[in-house]
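These notes concern the structure reproduced below.
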Amino acid sequence: MKPFLHRVVNSQVFGVVATLIVIFIVWEMSITFLGVPTYVLPSIITVAEVLLKHPGMFLSETLVTTRELLLGFAVAVGLSMPIALAMAYSRIFEGLVSPLIVISQAVPKIALAPLLLVWFGFGEMPKVIMAALIAFFPMLISALTGFKALEPEVMSLARSMGASQWKIFWKIRLPSALPNIFSGLKLAITFSVIGAVIGEFLAGDKGLGYLIQSASGAQRMDMLFAGVIIISVLSLLLYYIVQAIERRLIFWHQSQDQIAL
Amino acid sequence: MTTGKAIDITDVSKTYRTGSGPVEALRRIDLAVAAGEFVSIVGPSGCGKSTLLNMVAGLKSKSSGTIRIGEEFVNGPFTNVGIVFQRDLLMEWRTVLDNVLLQIEMRNLRKRDYAERAMHLLDRVHLADFAQRYPRELSGGMRQRASICRALIHDAPVMLMDEPFGALDALTRDDIAADLAEICEEAGKTTIFITHSISEAVYLSDRVIVMSGRPGGIMADISINLVRPRRHSLREDPRFGQHVTEIRDLLEADKDSRREVQ
Numbered sequence: 108m109k110p111f112l113h114r115v116v117n118s119q120v121f122g123v124v125a126t127l128i129v130i131f132i133v134w135e136m137s138i139t140f141l142g143v144p145t146y147v148l149p150s151i152i153t154v155a156e157v158l159l160k161h162p163g164m165f166l167s168e169t170l171v172t173t174r175e176l177l178l179g180f181a182v183a184v185g186l187s188m189p190i191a192l193a194m195a196y197s198r199i200f201e202g203l204v205s206p207l208i209v210i211s212q213a214v215p216k217i218a219l220a221p222l223l224l225v226w227f228g229f230g231e232m233p234k235v236i237m238a239a240l241i242a243f244f245p246m247l248i249s250a251l252t253g254f255k256a257l258e259p260e261v262m263s264l265a266r267s268m269g270a271s272q273w274k275i276f277w278k279i280r281l282p283s284a285l286p287n288i289f290s291g292l293k294l295a296i297t298f299s300v301i302g303a304v305i306g307e308f309l310a311g312d313k314g315l316g317y318l319i320q321s322a323s324g325a326q327r328m329d330m331l332f333a334g335v336i337i338i339s340v341l342s343l344l345l346y347y348i349v350q351a352i353e354r355r356l357i358f359w360h361q362s363q364d365q366i367a368l
Numbered sequence: 683m684t685t686g687k688a689i690d691i692t693d694v695s696k697t698y699r700t701g702s703g704p705v706e707a708l709r710r711i712d713l714a715v716a717a718g719e720f721v722s723i724v725g726p727s728g729c730g731k732s733t734l735l736n737m738v739a740g741l742k743s744k745s746s747g748t749i750r751i752g753e754e755f756v757n758g759p760f761t762n763v764g765i766v767f768q769r770d771l772l773m774e775w776r777t778v779l780d781n782v783l784l785q786i787e788m789r790n791l792r793k794r795d796y797a798e799r800a801m802h803l804l805d806r807v808h809l810a811d812f813a814q815r816y817p818r819e820l821s822g823g824m825r826q827r828a829s830i831c832r833a834l835i836h837d838a839p840v841m842l843m844d845e846p847f848g849a850l851d852a853l854t855r856d857d858i859a860a861d862l863a864e865i866c867e868e869a870g871k872t873t874i875f876i877t878h879s880i881s882e883a884v885y886l887s888d889r890v891i892v893m894s895g896r897p898g899g900i901m902a903d904i905s906i907n908l909v910r911p912r913r914h915s916l917r918e919d920p921r922f923g924q925h926v927t928e929i930r931d932l933l934e935a936d937k938d939s940r941r942e943v944q
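From first to last, the protein sequence lines stand for chains A and B. Heads up: the first sequence begins at 108 in our numbering, then just goes up one per residue. Heads up: the second sequence begins at 683 in our numbering, then just goes up one per residue.
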């Protein structure tokens, strides 16, 4: 019994659940004992009721947002990886591109949102682009750090083996970049959620961001909180999926020794 | 073979260009190593002994002179060698066995043909039980043993070792040195071995090359005519101690002369 209990207490799921329970207790207590009005903070029970009353509606909005953010994530990863590779292999390319990237990072992406509406309309496209824009930079920097992480001695060793550049890439450079690439992927997936939701705030009539926005307009605090909770759960779930893949692929890395976040 | 020389270094110099003018690292090195000979190079830090080894491997360019391994001139990365660096440079995502076989994969040879030899080598350095383990499960000494196997697996005639035991504690060093002495005696490799440890150099070598401080040059070439196979007990032999003292005195004298100049 004891080792089982021990395992439960140490597990990641337990930590998350315990934290949530504490938050919910404080939440309910502040309504009951501090007299916080329900138009400021709805009871967790009414939020749960709303969630249970309209499961189909919440599910379809969630699917819309998920689709946008996954497309944005794919675009961000698909663009940043080859650019990071080219930067790692070519000093000239790196010199040309890195000022552009730093400048583009200095522009607040959210300020670009109205422009995206003008250029790409009110459909799915501007949301995907917003998600991609926000996820791109952390992914690029992480991948670049990873690809450049090879020590000169390892290159010497590989050259003394007469290895081709191609072999060095697949057998040494790519695997040694994986820990950094996965840090980037974990950032990028959560940033994509933010990007997609911001996109939905601004225009359109679908998705969890739109749901929150219209709930706020209609003073439906229970609906608003339901939206926030779903987005948080979605974000957490996607993060854990990436982390699960990471654990399988880079079990050999020291970062996998302890329970990571 | 037109000569018995497996490695022939002729009149090799190295000058680095720096912001504050050229720095002479190595001055006119001549060194010939016979086939099957084990030659150690000792010298003060910064005497260019590592640079020399890297030039023999073709990993660093030389400013002048020629280097020949067998019948081939070295002008670029030389691949018919096994190299061991100070750091083991094992790939963390590969098992110990696969780390040894990396050498084979990189050379486009067939892994199947070398698996048995790899296991034999791992057994020679007492790592057979760890073949399927990952490097992070191994101690520093075990990791370096694995990297020695990686340098031996393709059976190149020449071994180049750049302070391979520099990062290990004294006891581990002596153990690995004993294993290395055995393996080299058996395999008859031509070896250049860079070290900071005078006793290690005497223990392992047929000849010890003593280098002077910057600009690096060869100060003495000492033949070590001690019995082989070499065993731990050799360290108690008075002649072993004499060689160690002789080399230490040479290095001390060089250090003193340098101080006087300053």
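Backbone N, C-alpha and C define an ideal beta-carbon position, used for all residues, glycine too. In this text the structure is predicted, and so the values were computed from the model without any measurement.
Grouping DSSP H, G and I as helix and E and B as strand, with all else coil, what is residue i?
i: M237(A); result: helix
i: G82(A); result: Shown here, chain A extends from 108 to 368; a query on residue 82(A) therefore has no answer.
i: H720(B); result: For clarity, residue 720(B) is Phe in the given sequence; the question names His instead. Note: F720(B) maps to strand in three-state DSSP.
i: F227(A); result: helix
i: M893(B); result: strand
i: V909(B); result: coil
i: S695(B); result: strand
i: M997(B); result: Here chain B covers residues 683 to 944 and nothing more, so residue 997(B) does not appear.
i: M901(B); result: strand
i: R174(A); result: helix
i: T685(B); result: Residue confidence is low: T685(B) scores 49 on pLDDT, short of 50, so the model does not pin down where it sits. Its coordinate-derived value is still stated next. The answer is coil: DSSP assigns T685(B) none of H, G, I, E or B.
i: V705(B); result: strand
i: F755(B); result: strand
i: T145(A); result: coil
i: A714(B); result: strand
i: D690(B); result: strand
i: V926(B); result: helix
i: S939(B); result: helix
Could you tell me the boundaries of the beta strand (DSSP E) in which residue i lies?
i: S746(B); result: S746 to I751
i: S299(A); result: Premise fails: S299(A) lies in the alpha helix (DSSP H), L281 to L309, not in any beta strand (DSSP E).
i: S197(A); result: From DSSP, S197(A) is part of no beta strand (DSSP E); its letter is neither H nor E.
i: T872(B); result: T872 to I876
i: V766(B); result: V763 to V766
Just curious, the alpha helix (DSSP H) that residue i is in, first and last residue?
i: R354(A); result: M328 to L356
i: I795(B); result: Reading the sequence as shown, one finds Asp at residue 795(B) and not Ile. Residues K793 to R806.
i: V782(B); result: V778 to M788
i: V157(A); result: I151 to K160
i: Q272(A); result: Q272 to I275
i: P104(A); result: Any property of residue 104(A) remains undetermined from this structure, which presents chain A solely from 108 to 368.
i: E918(B); result: Unbroken run through E918(B): none, as it is neither H nor E.
i: Q64(A); result: No information on residue 64(A) is available, as it lies outside the stretch 108 to 368 that chain A covers here.
i: E819(B); result: Note, E819(B): premise wrong, no alpha helix (DSSP H); not H, not E.
i: L809(B); result: From DSSP, L809(B) is part of no alpha helix (DSSP H); its letter is neither H nor E.
i: V884(B); result: I880 to L886
i: M136(A); result: Q119 to T139
i: A322(A); result: G314 to G324
Tell me whether the segment 748–768 of chain B and the segment 692–708 of chain B touch, counting them as touching only if at least three CB pairs, one residue from each stretch, are closer than 8 Å. Pairwise C-beta distances place the segment 748–768 of chain B in contact with the segment 692–708 of chain B, as three or more of them are shorter than 8 Å.
So within the segment 824–853 of chain B, which uninterrupted alpha helix (DSSP H) runs reach at least 4 residues, ignoring any that extend past its ends? Within the segment 824–853 of chain B, no run of alpha helix (DSSP H) reaches 4 residues while sitting entirely inside it.
Quick one: any contact between the segment 704–712 of chain B and the segment 913–921 of chain B, if contact means 3 or more CB pairs under 8 Å? No, because fewer than three Cβ pairs between the segment 704–712 of chain B and the segment 913–921 of chain B fall closer than 8 Å, the two stretches do not touch.
If you measure beta-carbon to beta-carbon, which residues of the segment 346–361 of chain A are closer than 8 Å to chain B? For the segment 346–361 of chain A, which is checked against every Cβ of chain B, the residues closer than 8 Å are I357, W359, H360 and Q361.
Within 7 Å of chain B by C-beta, residues of the segment 253–267 of chain A in sequence order: Listed in sequence order: E260, V261, S263, L264, A265, R266 and S267.
Can you confirm whether the segment 837–855 of chain B touches the segment 726–746 of chain B when touching is taken to mean that 3 or more C-beta pairs between the two stretches lie within less than 8 Å? Here the segment 726–746 of chain B makes contact with the segment 837–855 of chain B; the two share three or more CB pairs at distances below 8 Å.
Contact between the segment 767–780 of chain B and the segment 812–828 of chain B (3+ Cβ pairs under 8 Å): Counting Cβ pairs under 8 Å, three or more are found: they touch.
Should the segment 291–310 of chain A be regarded as contacting the segment 229–237 of chain A, the criterion being three or more beta carbon pairs within less than 8 Å? Yes: the two stretches touch, three or more of their Cβ pairs being nearer than 8 Å.
Is the segment 253–266 of chain A touching the segment 281–295 of chain A in the sense that three or more CB pairs, one from each, lie closer than 8 Å? These segments touch.
Residues of the segment 137–162 of chain A in Cβ contact with chain B at a cutoff of 8 Å, in chain order, please. From the segment 137–162 of chain A, no residue has a Cβ closer than 8 Å to chain B.
Count Cβ pairs between the segment 830–838 of chain B and the segment 800–814 of chain B that sit closer than 8 Å; are there 3 or more? Because the criterion of three Cβ pairs below 8 Å is met, the segment 830–838 of chain B and the segment 800–814 of chain B touch.
Spell out a yes or no on whether the segment 149–158 of chain A and the segment 328–342 of chain A are touching, meaning 3 or more CB-CB pairs, one atom from each, closer than 8 Å. Yes, since at least three Cβ pairs between the segment 149–158 of chain A and the segment 328–342 of chain A fall closer than 8 Å, the two stretches touch.
Do the segment 851–864 of chain B and the segment 780–800 of chain B make contact, defined as three or more Cβ pairs closer than 8 Å? Fewer than three Cβ pairs drawn from the segment 851–864 of chain B and the segment 780–800 of chain B lie within less than 8 Å of each other, which leaves the two stretches out of contact.
Would you list, in chain order, the members of the segment 280–294 of chain A that have their beta-carbon closer than 7 Å to a beta-carbon of chain B? Within the segment 280–294 of chain A, the residues whose Cβ lies closer than 7 Å to some Cβ of chain B are P282, listed in chain order.
Answer yes if the segment 310–319 of chain A comes into contact with the segment 158–171 of chain A, meaning at least three C-beta pairs across the two stretches below 8 Å, and no otherwise. Contact holds: three or more Cβ-Cβ distances are below 8 Å.
Meets three-Cβ-pair contact criterion under 8 Å: the segment 724–733 of chain B and the segment 881–895 of chain B: Between the segment 724–733 of chain B and the segment 881–895 of chain B, the count of Cβ pairs shorter than 8 Å is three or higher; the stretches touch.
Where the segment 809–828 of chain B meets chain A: residues whose CB sits under 9 Å from a CB there: Flagged, chain order: Y816, P817 and R818.
Assess contact between the segment 264–275 of chain A and the segment 753–763 of chain B, defined as three or more Cβ pairs (one per stretch) separated by less than 8 Å. Is contact present? Under the 8 Å Cβ criterion, the segment 264–275 of chain A counts as touching the segment 753–763 of chain B, having at least three qualifying pairs.
How do the segment 203–210 of chain A and the segment 292–300 of chain A stand: do at least 3 beta-carbon pairs fall below 8 Å, yes or no? Touching, no.
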